[in-house]
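Notes follow the structure.
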Amino acid sequence: MTAIALYARRKDGFDERVAHAVAVLQSAATEHGSRIVQATSLGAEDMVITDLIARHHIGIRIATLQTGQLHPQTLALLPRIRERYGLEVQAYEPVAESVVQFVRKNGERAMYESIELRKACCALRKLEPLARLLDGQTAWVTGLRREQSDTRAEVPFSEPDDKGRTKFNPLADWSWADVWHYIATHDVPYNPLHDEFMPSIGCAPCTRAIAVGEPFRAGRWWWEDEKAKECGLHVKEDEPAVTMLGAPR
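In terms of numbering that gives the first Met the number 0, the sequence shown opens at residue 0 and continues consecutively.
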């Protein structure tokens, strides 16, 4: 069964939520001009945002983090975006020597050994490249939704990040059914791993399929405490520490 067949449902207020998301993006582009970027994870939500940007000719450039550990199915979306929308997605990679040194010192499975090492891996593969992606920008666009997890339950449509930039979350009030109804309606390209029960897709070593009844982000860093379901991209500095539950071997 495909993700569309499993999740796509038209819910009351859908058209209004789409119109509001477009309005958020248009207003953000007008306010920030050339200094705003969509930081896409290439997940279902971000593919919807990219489609909205392209469909409504909104002047927001698109960039992503090529961590060196993404699934090939994820990377295959980059040429599909180019072919479908005529848009280039700029990829930011980690510093190669930093990755080499980290792996040499800690091994390929370091993320499973401790929360400190997992966070260190996320920092060099995601946070440092994100800092370069956002350098010189006054705003960025994400696919955060309130429904994704308890820690995101109060995500606003816009908020300041810790560097004074504005972070726009145009799908904040969308449901998972909304996301897939939009994808089905507009034939939006998406990662086929979503058809394999992976609603939240990150780096390959840190993503698995979820079982029926498991939380949306249960397949991310599943060996850690539930509060650990973030890599640091969207976490405030005063977030509580997390613990390991039993690393996979």
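We treat Cβ as the ideally placed atom computed from N, Cα and C, and that holds for glycine.
The structure displayed is predicted, hence computed values, not measured ones.
The beta carbon of Gln147 sits closer than 7 Å to those of Phe215, Arg216, all from its chain and outside the five residues before and after it, given in chain order. In the pairwise beta carbon analysis, the stretch 55-67 is classified as not touching the stretch 172-188: fewer than three pairs are separated by under 8 Å.
Judged by beta-carbon spacing, Ala53 lies within the 8 Å limit of Leu86, meaning their Cβ atoms are closer than that value. By the criterion of a C-beta distance shorter than 7 Å, Ala208 is surrounded in its chain by Glu195, Phe196, Met197, Gly218, once the five residues flanking it on both sides are discounted. Around Pro78, the same chain offers no residue with a beta carbon nearer than 6 Å, after the five sequence neighbours per side are excluded.
Between Gln89 and Ala62, the alpha-carbon positions lie close to 4 Å from each other. Here Pro191 has Gln72 as same chain residues with Cβ atoms under 6 Å from its own Cβ, once five neighbours each way along the sequence are excluded. The three-state secondary structure of Phe215, taken from DSSP, is coil. Residue state for Ser157 is assigned as strand, using DSSP reduced to three classes. Between Leu123 and Ala38, the gap from beta carbon to beta carbon reaches 8 Å or more. Of all alpha-carbon atoms in Glu30, Asp134, Glu153, Ser157, the one lying nearest the alpha-carbon of Thr141 is that of Ser157.
Taking a C-beta distance under 8 Å as the contact criterion, Ile35 and Trp139 qualify as a contact pair. Taking a contact to require three or more Cβ pairs closer than 8 Å, the stretch 159-169 and the stretch 178-186 do not qualify as touching.
In terms of Cα proximity to His55, the closest of Trp222, Ala20, Gly32, His31 is Ala20. Ala90 carries a strand assignment under DSSP once its states are collapsed to helix, strand and coil. Thr1 is classed as exposed because its beta carbon has fewer than 16 other beta carbons within 10 Å across all chains shown.
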